[in-house]
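Trainee: In order, the protein sequence lines correspond to chains S, R and Y. For the first sequence, position 161 (counting from the first letter as 1) is numbered 299 according to the working numbering, and the numbering increases by one without interruption. For the second sequence, position 322 (counting from the first letter as 1) is numbered 460 according to the working numbering, and the numbering increases by one without interruption. For the third sequence, position 227 (counting from the first letter as 1) is numbered 365 according to the working numbering, and the numbering increases by one without interruption. The beta carbon of each residue, even a glycine, is placed where N, CA and C say it ideally should be.
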Amino acid sequence: MNQPQFFKPASKLTLSEVAALTGAQLADPAHGSQIISGIASLDLAGPMHLSFFDKRKYSDELHESHAGACLVGAGLQVDVPARIAVLRVANPYAAFVEVGRVLYADTLRPASAFGTEGIAGSAVVHADAYLEDNVVVDPLAVIGPDVEIGSGTVIGAGAVIGAGVKIGRDCSIGPGCSVLHTFIGNDVIIHPGCRIGQDGYGFVSGPAGHRKVPQMGRVLIQNDVEIGAGCTIDRGALRDTVIGEGTKIDNLVQIGHNVTIGRRCIIVSQSGVAGSSVLGDGAVLGARVGVSDHATIGAGAMLAARSSVVGEVPPNVKWGGSPAKPIKQFFREVFEVERLGREGGAKKSKPPGAGKEEQA
Amino acid sequence: MNQPQFFKPASKLTLSEVAALTGAQLADPAHGSQIISGIASLDLAGPMHLSFFDKRKYSDELHESHAGACLVGAGLQVDVPARIAVLRVANPYAAFVEVGRVLYADTLRPASAFGTEGIAGSAVVHADAYLEDNVVVDPLAVIGPDVEIGSGTVIGAGAVIGAGVKIGRDCSIGPGCSVLHTFIGNDVIIHPGCRIGQDGYGFVSGPAGHRKVPQMGRVLIQNDVEIGAGCTIDRGALRDTVIGEGTKIDNLVQIGHNVTIGRRCIIVSQSGVAGSSVLGDGAVLGARVGVSDHATIGAGAMLAARSSVVGEVPPNVKWGGSPAKPIKQFFREVFEVERLGREGGAKKSKPPGAGKEEQA
Amino acid sequence: MNQPQFFKPASKLTLSEVAALTGAQLADPAHGSQIISGIASLDLAGPMHLSFFDKRKYSDELHESHAGACLVGAGLQVDVPARIAVLRVANPYAAFVEVGRVLYADTLRPASAFGTEGIAGSAVVHADAYLEDNVVVDPLAVIGPDVEIGSGTVIGAGAVIGAGVKIGRDCSIGPGCSVLHTFIGNDVIIHPGCRIGQDGYGFVSGPAGHRKVPQMGRVLIQNDVEIGAGCTIDRGALRDTVIGEGTKIDNLVQIGHNVTIGRRCIIVSQSGVAGSSVLGDGAVLGARVGVSDHATIGAGAMLAARSSVVGEVPPNVKWGGSPAKPIKQFFREVFEVERLGREGGAKKSKPPGAGKEEQA
Chain S
139 MNQPQFFKPA SKLTLSEVAA LTGAQLADPA HGSQIISGIA SLDLAGPMHL
189 SFFDKRKYSD ELHESHAGAC LVGAGLQVDV PARIAVLRVA NPYAAFVEVG
239 RVLYADTLRP ASAFGTEGIA GSAVVHADAY LEDNVVVDPL AVIGPDVEIG
289 SGTVIGAGAV IGAGVKIGRD CSIGPGCSVL HTFIGNDVII HPGCRIGQDG
339 YGFVSGPAGH RKVPQMGRVL IQNDVEIGAG CTIDRGALRD TVIGEGTKID
389 NLVQIGHNVT IGRRCIIVSQ SGVAGSSVLG DGAVLGARVG VSDHATIGAG
439 AMLAARSSVV GEVPPNVKWG GSPAKPIKQF FREVFEVERL GREGGAKKSK
489 PPGAGKEEQA
Chain R
139 MNQPQFFKPA SKLTLSEVAA LTGAQLADPA HGSQIISGIA SLDLAGPMHL
189 SFFDKRKYSD ELHESHAGAC LVGAGLQVDV PARIAVLRVA NPYAAFVEVG
239 RVLYADTLRP ASAFGTEGIA GSAVVHADAY LEDNVVVDPL AVIGPDVEIG
289 SGTVIGAGAV IGAGVKIGRD CSIGPGCSVL HTFIGNDVII HPGCRIGQDG
339 YGFVSGPAGH RKVPQMGRVL IQNDVEIGAG CTIDRGALRD TVIGEGTKID
389 NLVQIGHNVT IGRRCIIVSQ SGVAGSSVLG DGAVLGARVG VSDHATIGAG
439 AMLAARSSVV GEVPPNVKWG GSPAKPIKQF FREVFEVERL GREGGAKKSK
489 PPGAGKEEQA
Chain Y
139 MNQPQFFKPA SKLTLSEVAA LTGAQLADPA HGSQIISGIA SLDLAGPMHL
189 SFFDKRKYSD ELHESHAGAC LVGAGLQVDV PARIAVLRVA NPYAAFVEVG
239 RVLYADTLRP ASAFGTEGIA GSAVVHADAY LEDNVVVDPL AVIGPDVEIG
289 SGTVIGAGAV IGAGVKIGRD CSIGPGCSVL HTFIGNDVII HPGCRIGQDG
339 YGFVSGPAGH RKVPQMGRVL IQNDVEIGAG CTIDRGALRD TVIGEGTKID
389 NLVQIGHNVT IGRRCIIVSQ SGVAGSSVLG DGAVLGARVG VSDHATIGAG
439 AMLAARSSVV GEVPPNVKWG GSPAKPIKQF FREVFEVERL GREGGAKKSK
489 PPGAGKEEQA
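1. Please specify which runs of the beta strand (DSSP E), each continuous and at least 3 residues long, are wholly inside the stretch 441 to 473 of chain R, giving them in chain order.
2. Between the Cα of glutamate 202 of chain Y and those of Y:Asn389, Y:Pro219, Y:Gly338, spot the shortest distance and give me the residue it belongs to.
3. I'd like to know whether the C-beta of alanine 412 of chain Y is nearer than 9 Å to at least one C-beta of chain S.
4. Tell me the rounded alpha-carbon separation between glycine 213 of chain S and isoleucine 174 of chain S.
5. Just to confirm, are alanine 439 of chain S and alanine 421 of chain S a CB contact at a threshold of 9 Å?
6. Nearest chain R C-beta to methionine 440 of chain S closer than 9 Å, yes or no?
7. Measure the CB-CB distance between valine 351 of chain S and aspartate 372 of chain S and report whether it falls below 9 Å.
8. Do isoleucine 299 of chain R and valine 326 of chain R have their C-beta atoms closer together than 9 Å?
9. Does the beta carbon of asparagine 389 of chain Y sit closer than 9 Å to a beta carbon anywhere in chain R?
10. Are the beta-carbon atoms of glutamine 245 of chain R and aspartate 337 of chain S separated by less than 9 Å?
11. If I follow the unbroken alpha helix (DSSP H) through threonine 160 of chain Y, where does it start and stop?
12. If we count the other Cβ atoms within 10 Å of its Cβ and call it buried at 16 or more, is proline 167 of chain S buried or exposed?
13. Would valine 475 of chain R and valine 475 of chain Y be called neighbours here (beta carbons separated by less than 9 Å)?
14. If you measure between the beta carbons of glutamate 199 of chain Y and leucine 225 of chain Y, is that distance less than 9 Å?
15. Is serine 149 of chain Y buried or exposed, if buried means 16 or more other CB atoms sit within 10 Å of its CB?
16. For proline 147 of chain R, does the count of other Cβ atoms within 10 angstroms reach 16, so buried, or fall short, so exposed?
17. Under three-state DSSP, which class holds lysine 150 of chain Y?
18. Mapping the DSSP letters down to three states, classify phenylalanine 321 of chain S as helix, strand or coil.
19. Whole angstroms is fine: what's the gap from histidine 329 of chain R's alpha carbon to alanine 157 of chain S's?
20. Per DSSP, which residues does phenylalanine 191 of chain Y bridge with? Please list them.
21. Could you name each continuous beta strand (DSSP E) segment of 3 residues or more that falls completely within the stretch 216 to 291 of chain Y, going from the start of the chain to the end?
22. Could one say the Cβ of asparagine 140 of chain Y lies closer than 9 Å to chain S's Cβ atoms, at least one of them?
23. According to the neighbour-count rule (16 or more other Cβ atoms, all chains shown, within 10 Å of its Cβ), is glutamine 272 of chain S buried or exposed?
24. Which of the residues in the stretch 461 to 485 of chain S, read from start to end, lie with their CB under 7 Å from any CB of chain B?
25. With a threshold of 9 Å between beta-carbons, can glutamate 495 of chain R be considered close to chain S, or not?
26. Report the rounded CA-to-CA distance for valine 227 of chain Y versus alanine 437 of chain Y, giving the unit in angstroms.
27. Please go through the same chain and pick out, in chain order, the residues whose beta-carbon is closer than 6 Å to the beta-carbon of lysine 304 of chain S, but skip the five residues on each side of it.
28. Go ahead and pull the three-state DSSP assignment for glutamate 383 of chain Y.
29. With 9 Å set as the bound, which would you pick, yes or no: does the beta-carbon of tyrosine 268 of chain S sit closer than that to a beta-carbon of chain R?
30. Quick one: does arginine 377 of chain Y have its CB under 9 Å from some CB of chain S?
31. Taking 9 Å as the CB-CB cut-off, is glycine 491 of chain R touching chain Y?
32. Label serine 414 of chain S either buried or exposed according to how many other C-beta atoms from any shown protein chain fall within 10 Å of its C-beta, with 16 as the threshold for buried.
33. State buried or exposed for glutamate 481 of chain Y, treating a residue as buried only when at least 16 other CB atoms are found within 10 Å of its CB.
34. Could you tell me whether the Cβ of tyrosine 231 of chain Y comes closer than 9 Å to any Cβ of chain R?
35. Can you tell me whether leucine 358 of chain R is helix, strand or coil according to DSSP?
36. Identify, in the order they occur along the chain, each residue of the same chain with its Cβ nearer than 6 Å to the Cβ of cysteine 403 of chain S, setting aside the five sequence neighbours on each side.
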């Protein structure tokens with residue numbers, strides 16, 4: 139990272155201030171006035187950086203680190219070289235992030251890619267749109283009739299906000315997004331290239347082909363949601379598609395029509411949730427999870443990466459596999475199939491009287 | 139749905155008109171002049187709504203429904219509360235959809251997101267493009283040289299139509315799409331953010347790296363095709379990529395170069411079809427199906443969600459799994475692996491003389 | 139392909155020139171002055187086309203071909219009809235591609251979709267951007283402050299290049315892309331709709347919800363990289379996301395924050411690489427491969443389509459399955475599970491004293 143950086147710390151902190159911010163305890167109070175001006179991992183940190191050390195397996199990085207100060211977990215302090223100021227804290231990574239959030243506050247919500255203030259002259263804003271004060275509209279965005287946008291919100295370059303869409307305050311809509319037939323709350327981040335509110339996929343099939351089913355619903359995105367780049371979220375058919383408060387969605391996720399996603403869910407990249415399914419509050423989908431239509435995932439349930447769900451998953455379980463089942467059961471299946479493959483292979487390749495193993 | 143709606147019914151219908159439209163039989167002819175002004179599911183319907191009841195498992199919703207009228211399947215009429223007017227019909231959902239298509243005709247093809255009539259002043263249309271009358275071009279769309287667009291077609295905001303592309307009549311190209319090296323028929327819907335006609339993925343690899351193979355073909359999209367948001371369809375290398383008439387593709391689907399998709403196929407979201415593969419007419423790919431290159435899927439074949447195809451699938455079969463095989467065989471494999479996992483787990487966890495099952 | 143073509147050969151070649159270009163040997167030197175004006179597969183070729191024949195299974199196409207000349211592999215010459223001029227060469231397809239690269243040189247890098255020369259008047263270029271001579275900027279592209287773009291590069295219509303981004307020479311950035319917080323080398327092709335440089339997916343979760351982790355890194359894309367349509371590449375959190383020289387990425391691929399992709403890797407469509415993972419030089423991911431976070435894939439390792447990687451894959455191996463393992467071991471597992479399904483099914487369906495097989 140010796141090339142120019144896009145983000146610079148907005149301020150500096152003394153280690154006393156770091157301790158106050160994070161609840162950490164400074165091992166040697168004499169370091170209280172030492173200053174840090176950034177955060178960095180152990181291998182990249184310099185004397186002005188705060189780092190963190192929470193697992194003994196990173197001891198090599200710690201011993202070679204040029205960090206000025208380090209947040210250190212319970213029982214790990216003895217490992218730290220004397221040149222590095224130590225701050226003891228229960229969860230070093232969480233504390234490290236809190237400091238980062240203060241120093242790099244401008245990373246917490248995507249800003250204008252053009253440095254725009256107000257509404258760019260090249261943006262096309264319909265006369266019947268209503269924008270509160272302090273909305274930023276980047277060049278060549280399109281804002282349709284009857285749109286309402288709250289103050290502090292940034293509309294990215296080339297984004298398209300369709301007729302009647304409402305967007306709350308302090309949101310960020312990324313470059314190149316399209317948002318149609320949607321109501322969005324406050325503090326929502328939608329990353330570039332998302333497709334939100336287009337028709338769901340519904341047809342009545344017969345000998346004459348597939349007849350399109352009207353999709354009359356909307357998309358409702360509650361406060362504090364974050365949606366990754368390139369996601370597709372269809373509007374509902376007879377009801378709405380809902381993304382609950384505080385839910386965080388990674389890139390390239392597909393959400394079908396009429397889906398209800400609860401609050402504070404985690405949906406990792408390339409997952410898909412088919413029509414009319416319901417995720418309870420706090421449900422977690424690992425990467426590439428597929429949820430079939432009309433499925434129900436209980437609150438707090440966790441689905442391992444690549445699993446696929448049909449029907450119902452109880453609350454607060456860890457499931458995996460396809461079809462998804464309790465994770466231990468899934469692991470046993472994987473184990474037994476691997477054993478079977480080894481034994482079958484050994485049998486097949488063993489000529490009479492010989493003991494050679496087939497080489498993989 | 140007590141917030142504002144994006145789609146309102148364009149008209150009202152008497153139940154006699156509903157009966158005539160759908161072939162349904164009004165149980166009590168005295169209700170012939172009763173008026174409905176919308177369609178809704180049983181739980182959301184009010185007295186002005188038509189609903190449908192086709193499965194006894196929705197009896198609770200039926201009994202609590204405020205619907206004014208209901209399309210009801212064979213043998214289900216006795217279940218309907220007296221306050222709800224009954225229309226008997228063989229396929230209640232299909233009839234319900236037909237009524238929806240009349241009342242919400244403006245949902246059947248995506249319209250301008252800006253309320254544009256004609257060509258928006260901010261669109262950039264090349265002097266050598268030819269647009270028939272009654273084409274709508276939304277703000278900030280880009281239309282290249284030698285493009286031809288038929289009447290009734292809507293080009294979405296920010297869409298890019300590359301040099302020489304031809305688009306038929308009554309099509310809808312969504313906001314933010316790019317369409318290059320492509321010919322499109324009539325009545326085609328392409329949802330937002332699709333990427334159509336860019337280079338296929340072809341390289342000749344050697345010690346010096348990967349040399350790009352020229353991609354000289356086109357994409358041909360026949361009449362009445364619908365393509366979901368965020369799909370990618372590459373143009374052919376030495377031949378064309380073809381999407382057959384009446385085929386419906388869901389969101390985030392990838393179609394490689396030289397692929398031929400037959401007529402009236404169904405391809406559910408996040409599926410992918412690799413280069414030079416062929417789908418016969420009416421083939422169905424469930425969600426997340428992967429078809430490898432140079433594969434052939436017979437007409438009418440159905441692939442279960444998440445299956446993956448190598449080689450050839452016969453016509454009119456139901457296959458699943460990876461590699462795909464007859465669905466019963468696949469289900470037996472899943473069953474046997476689950477049994478193996480249970481038995482293996484039981485064996486491992488069984489202490490001598492005890493019968494306790496390991497808890498998942 | 140009897141409709142208009144988008145790409146026409148820029149020149150003609152004699153068969154002597156073809157031989158010189160490819161190292162092929164003209165079977166009958168009398169054909170040295172014969173002219174070809176294009177390349178085509180055997181079934182589509184006419185008398186002015188050069189084709190290739192490298193596998194006996196295409197003998198039918200060869201015998202019915204109207205090609206004027208054909209590149210033919212070792213031992214296959216005797217099969218060629220007398221009307222087709224023969225050029226013998228070790229690798230007919232590679233030679234065919236070389237000729238195509240000369241005749242259709244304009245396919246090797248995507249050009250302006252609008253026929254633009256220089257900077258389109260409708261593009262929005264910040265006063266503090268620096269573009270070398272001979273940059274092409276298509277209509278309605280947005281180029282932010284402190285951007286630098288090298289000569290010969292084409293910025294597609296509607297693309298958004300965010301503040302501070304650097305792009306080298308002779309690159310092509312497709313229509314509708316967004317590129318933020320990124321440095322790009324020379325000769326890079328980014329196909330339409332890519333999302334590059336947005337925030338990675340990082341949260342610290344607690345009872346109060348998911349707190350966003352600052353993402354301060356960049357994306358570094360080295361020379362000669364090609365990235366397919368609709369890909370998403372997040373910028374790093376504490377370090378950079380790096381795509382190595384000569385790597386080729388297919389459509390709809392997701393690359394998480396802090397990932398390092400080596401040089402000359404191949405990543406086929408719909409694959410995903412989660413945060414902080416590392417691919418060695420020349421690694422190959424088949425279609426739909428999932429690499430979990432903090433995984434390491436050795437140089438030259440090949441992962442079969444649909445496999446998923448956790449942990450470490452050694453260099454120069456062929457692995458497959460989920461979790462990925464040596465490909466022979468994976469094939470044995472597939473074989474054993476298929477056997478188990480057949481035997482289990484046979485057992486279940488066999489009534490006492492009967493020998494009928496259950497029909498799939």
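Mentor: Considering the structure as presented:
1. Counting whole runs of 3 or more residues, the stretch 441 to 473 of chain R contains the beta strand (DSSP E) stretches 456 to 458.
2. Among Y:Asn389, Y:Pro219, Y:Gly338, the Cα nearest to that of glutamate 202 of chain Y is on Y:Pro219.
3. Interface residue, yes.
4. If I take the Cα positions, the gap works out to 24 Å.
5. At the C-beta level, alanine 439 of chain S and alanine 421 of chain S come within 9 Å of one another.
6. No, no contact with chain R.
7. Cβ atoms of valine 351 of chain S and aspartate 372 of chain S: not closer than 9 Å.
8. No.
9. For asparagine 389 of chain Y, the answer is yes, since a Cβ of chain R falls inside 9 Å of its Cβ.
10. What sits at residue 245 of chain R in the sequence shown is threonine, not glutamine. The Cβ atoms of threonine 245 of chain R and aspartate 337 of chain S sit closer than 9 Å to each other.
11. Threonine 160 of chain Y -> alpha helix (DSSP H) spans 153 to 160.
12. Under this definition proline 167 of chain S is an exposed residue.
13. A Cβ-Cβ contact shorter than 9 Å links valine 475 of chain R with valine 475 of chain Y.
14. No; because the gap between Cβ atoms is not below 9 Å, this pair is not in contact.
15. Burial check for serine 149 of chain Y: the Cβ neighbour count within 10 Å stays below 16, so the residue is exposed.
16. By the neighbour-count rule (16 or more Cβ atoms within 10 Å), proline 147 of chain R is buried.
17. Lysine 150 of chain Y falls in the coil class under three-state DSSP.
18. Phenylalanine 321 of chain S: strand per DSSP, three-state reduction.
19. If I take the Cα positions, the gap works out to 52 Å.
20. Answer is Y:Val210.
21. DSSP runs (the beta strand (DSSP E)) wholly in the stretch 216 to 291 of chain Y: 223 to 226.
22. Summary for asparagine 140 of chain Y: the model assigns pLDDT 47, below 50, so the residue's position carries little reliability; its value from the coordinates is reported in the next sentence. Asparagine 140 of chain Y has a beta carbon lying at 9 Å or more from every beta carbon in chain S.
23. Note that residue 272 of chain S corresponds to asparagine in the displayed sequence, not to glutamine. So asparagine 272 of chain S ends up on the exposed side.
24. Of the protein chains in the structure, S, R and Y, none is chain B.
25. Caution is warranted here: a pLDDT of 35 is assigned to glutamate 495 of chain R, below 50, making its placement in the model unreliable, and no coordinate value can be reported.
26. Those two C-alpha atoms are separated by around 31 Å.
27. Hits under 6 Å: Glu286, Phe321.
28. Coil at glutamate 383 of chain Y, not helix or strand.
29. Residue contact with chain R for tyrosine 268 of chain S: absent (no Cβ-Cβ distance below 9 Å to any residue of chain R).
30. Using a Cβ-Cβ cut-off of 9 Å, arginine 377 of chain Y counts as an interface residue toward chain S, since at least one Cβ of chain S sits closer than that to its own.
31. Unreliable positioning characterises glycine 491 of chain R in this predicted model, as indicated by a pLDDT of 41, which lies under 50. The coordinate reading is nonetheless provided below. Not closer than 9 Å to any Cβ of chain Y, the Cβ of glycine 491 of chain R fails to qualify, so no.
32. Buried: at least 16 other Cβ atoms inside 10 Å.
33. Residue environment analysis places glutamate 481 of chain Y among the exposed positions, since fewer than 16 neighbouring C-beta atoms fall within 10 angstroms of its C-beta.
34. Between tyrosine 231 of chain Y and chain R, the shortest Cβ-Cβ separation is below 9 Å.
35. Leucine 358 of chain R: strand per DSSP, three-state reduction.
36. Answer for cysteine 403 of chain S: Thr385, Leu417, Ala421, listed in chain order.
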